[in-house]
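Following: one structure in structure tokens, then a few remarks.
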Amino acid sequence: MTNPQTVLKETFGYTNFRPGQEEVIKKVLNGENVLAVMPTGAGKSICYQVPALINEGVTLVISPLISLMKDQIDSLHQNGIEAAALNSTTPQKEVNPILRQAYEGKIKLLYLTPERLAMDYFRYQLNFLDISLVAVDEAHCISQWGHDFRPAYRQILEGINSLRQRPNILALTATATPNVQADIAKQLDIPQQNFVITSFARPNLSFQLVNSPKNTDMYIYNYINAHQEEPGIIYTNTRKKVEALTDFLCKKGIKAVSYHGGMNNKERSRVQDDFQFDRTQVIVATNAFGMGIDKSNVRFVVHANSSSNIESYYQEAGRAGRDGSACEAVMLYHPGDSATYRWFIDQSEAEDEYKKTQYSKLAVITQYANTEDCLQQFIVRYFGQDCPPCGKCSNCLDQRKLEDVTTQAKKVIAMVYELDGRFGKSVVAQAVTGSKSQRMKEIGAQMLEHYGSLKLPQTEVNSLINYLITKDLLETTNDQYPLVRVTNSGWDVLDGKLQVFRRSQGKIVAHREFDQQ
Ligand code: ADP
Ligand code: ZN
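Residue numbering for the sequence shown follows UniProt numbering, starting at 1 and increasing by one per position.
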């Protein structure tokens with residue numbers, strides 16, 4: 001049998017395996033089912049491409065996106081490897097010739113969408129092939145707990161089981177919480193000892209969080225100006241905002257282009273090339289941009305709005321610094337962001353159970369935006385690992401003094417208790433600040449003991465509520481209109497057993513420089 005190291009060197013031109021790759025490849029060549037969880041850019045493809053070349057027969061790669069397949073196949077061809085794809089864009093008359101080539105051993109990797117594998121006749125045709133391995137890329141799509149559920153992924157195991165000869169399975173993903181890992185394993189029959197999980201931490205990436213910038217466009221302009229000549233990606237959440245921001249930046253003399261799902265393929269690949277080959281400095285995009293892009297020297301990823309979940313955020317932010325050099329991931333958070341995403345979720349046609357999961361993911365990103373702990377650590381813990389504070393994110397570098405806010409916190413928590421967990425954040429904030437709104441009259445808030453007990457602007461109280469949620473002193477339900485409740489630790493605060501500290505609420509100094517008009 002050819003040695004994996006030799007294949008890596010002679011076919012791909014790399015001297016050493018990256019963390020996790022060799023372990024995955026060994027297990028795969030041993031005929032075991034494996035789950036590989038590695039961050040974006042870690043080199044997951046090599047984990048099945050090397051075995052594909054060593055094994056007899058053909059490797060099937062299940063992949064969710066046609067554009068992703070195309071990029072992979074192009075790069076395999078460049079390395080002199082025969083590969084092909086079968087998806088909804090493949091003309092019917094090309095299907096049989098491709099299968100024949102695979103049958104004759106001329107194609108080593110065959111990329112498929114999960115929908116294709118679900119087709120009965122296609123399953124029957126696959127029986128003529130000698131299939132050594134099924135690689136399931138973006139395996140989190142199999143799980144309802146994930147952020148990108150794709151129903152056809154659920155039928156993959158059934159498809160594999162229907163084959164006369166059962167190949168082994170390699171599931172790969174960059175973003176799987178322990179919940180999602182367990183779900184993937186259950187559905188693809190992967191034993192726990194075959195989980196290969198490399199560190200989620202990205203030591204060359206420094207995370208920055210900017211809460212409520214005065215003027216988002218100006219902030220981004222100043223930021224880019226301070227990073228001249230450095231390629232970067234700006235993500236925002238609607239096509240309209242993408243175009244408006246590109247316009248704004250171009251008028252100010254920045255080389256920026258737009259990228260979103262409303263553009264045709266030709267425009268999109270032109271823009272992608274411009275960015276790839278440094279003809280433009282900045283690409284302003286919706287989340288349609290990114291899968292399959294392989295630009296290693298992206299120096300910053302700025303999110304003009306928060307994301308809808310940590311998985312997507314980390315995947316997008318992780319497109320910076322694939323070359324291993326220092327880079328930044330900046331998230332600009334506005335209190336209204338959550339409401340926008342809540343609306344997106346509510347409008348979607350997903351099942352209620354799935355929506356609930358998405359609401360709870362949204363709650364976590366709000367916590368991320370309000371935490372005072374290390375941002376890298378927050379993310380790594382979310383994925384079920386741990387790491388020491390990074391020492392360079394905006395929270396680690398935050399020099400503001402800690403203040404005792406126990407008195408204010410008590411008033412807010414007491415108000416939540418008095419409202420009996422039946423209302424959302426904004427009612428709590430109005431009640432505790434003594435708002436005279438109609439809503440307060442409707443619910444008789446004036447009768448409550450802590451009505452008007454906190455003499456602070458409502459926006460500050462909103463931010464304090466978010467902070468208390470981050471600290472697990474309050475919690476919210478996973479609904480379209482989340483209700484706020486008191487947690488056990490919240491009770492400890494009311495009982496005087498726990499104090500609450502928070503950084504003094506001036507702006508973080510390091511961000512001032514970009515926040516000027
Ligand atoms: P992922 O799918 O994990 O996001 P890719 O498989 O696209 O990552 O790999 C990211 C980049 O790293 C690619 O350009 C790939 O060629 C490169 N790469 C993968 N493995 C190695 C290695 N062992 N040494 C050097 N470069 C590698
Ligand atoms: Zn940190």
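Note that the Cβ used here is the ideal one computed from N, Cα and C, for glycine as well.
message = Count Cβ pairs between the region 165-181 and the region 38-50 that sit closer than 8 angstroms; are there 3 or more?
response = yes
Other residues of its chain near serine 504: CB distance less than 6 angstroms, five sequence neighbours each side excluded = Arg400, Lys401 and Glu403
ask   = When we look at the beta-carbon of residue 520 and count the other beta-carbons within 10 Å, is it buried (16 or more) or exposed?
value = Residue coverage of the chain in this structure runs from 1 to 517, which leaves residue 520 outside it and unanswerable.
request  = Would you kindly check if the distance between the Cβ of leucine 332 and the Cβ of threonine 246 is under 8 angstroms?
outcome  = no
query = Contact check, methionine 38 vs threonine 198 under 8 angstroms by CB: the rounded distance?
reply = 5 angstroms
inquiry  = Excluding the 5 residues flanking serine 325 on each side, which residues of the same chain have their C-beta closer than 7 angstroms to its C-beta?
reply    = Asn204
request  = Express the C-alpha separation of serine 143 and residue 525 in angstroms, rounding to a whole number.
outcome  = Because the chain in this structure spans residues 1 to 517, residue 525 falls outside the shown range and cannot be described.
task = Compute the distance between the beta-carbons of proline 231 and glutamine 281, then report whether it is under 8 angstroms.
result = yes
ask   = Quick one: is the Cβ of glycine 321 within less than 7 angstroms of any heavy atom of the ligand ZN?
value = no
message = I need the DSSP call for methionine 331, collapsed to helix, strand or coil.
response = strand
query = So phenylalanine 195 is in the beta strand (DSSP E); what residue range does that whole segment cover?
reply = 195-197
message = Restricting to Cα atoms, I'd like to know which of Thr286, His334 and Ser463 is closest to lysine 214.
response = His334
inquiry  = Along the chain, where does the alpha helix (DSSP H) containing glutamate 94 start, and where does it finish?
reply    = 92-103
ask   = Hey, quick one: how far does the beta strand (DSSP E) through phenylalanine 300 stretch, first residue to last?
value = 300-303
query = When the Cβ atoms of the region 180-198 are set against those of the region 263-279, are three or more pairs found closer than 8 angstroms?
reply = no
task = Entirely within the region 232-263 and at least 3 residues each: give me those beta strand (DSSP E) ranges in chain order.
result = 232-235 and 256-259
message = Suppose contacts are defined by Cβ-Cβ distances below 8 angstroms. Is asparagine 55 in contact with threonine 11 by that definition?
response = no
message = What would DSSP say about glutamine 399, mapped onto helix, strand or coil?
response = coil
request  = Give every residue whose Cβ lies closer than 7 angstroms to any heavy atom of the ligand ZN, listed in chain order.
outcome  = Phe207, Cys374, Leu375, Gln376, Gln377, Pro389, Cys390, Gly391, Lys392, Cys393, Asn395 and Cys396
request  = Check the C-beta distance from glutamine 208 over to glutamate 328 and give it rounded, since I have them as a contact under 8 angstroms.
outcome  = 6 angstroms
Residue range of the beta strand (DSSP E) that includes asparagine 179 = It is not in any beta strand (DSSP E) - asparagine 179 instead sits in the alpha helix (DSSP H) that spans 178-188.
query = So, are the CB atoms of isoleucine 469 and glutamine 367 less than 8 angstroms apart?
reply = yes
ask   = Excluding the five sequence neighbours on either side, which residues of its own chain have a C-beta within less than 7 angstroms of the C-beta of arginine 116, listed in chain order?
value = Leu86, Asn87 and Phe122
request  = Would you grab the beta carbon distance between leucine 110 and isoleucine 81 for me? Rounded to a whole angstrom, and I think it's under 8 angstroms.
outcome  = Actually they are not in contact, since the Cβ atoms of leucine 110 and isoleucine 81 sit about 12 angstroms apart, beyond 8 angstroms.
query = Any heavy atom of the ligand ADP within a distance shorter than 7 angstroms of the CB on glutamine 21?
reply = yes
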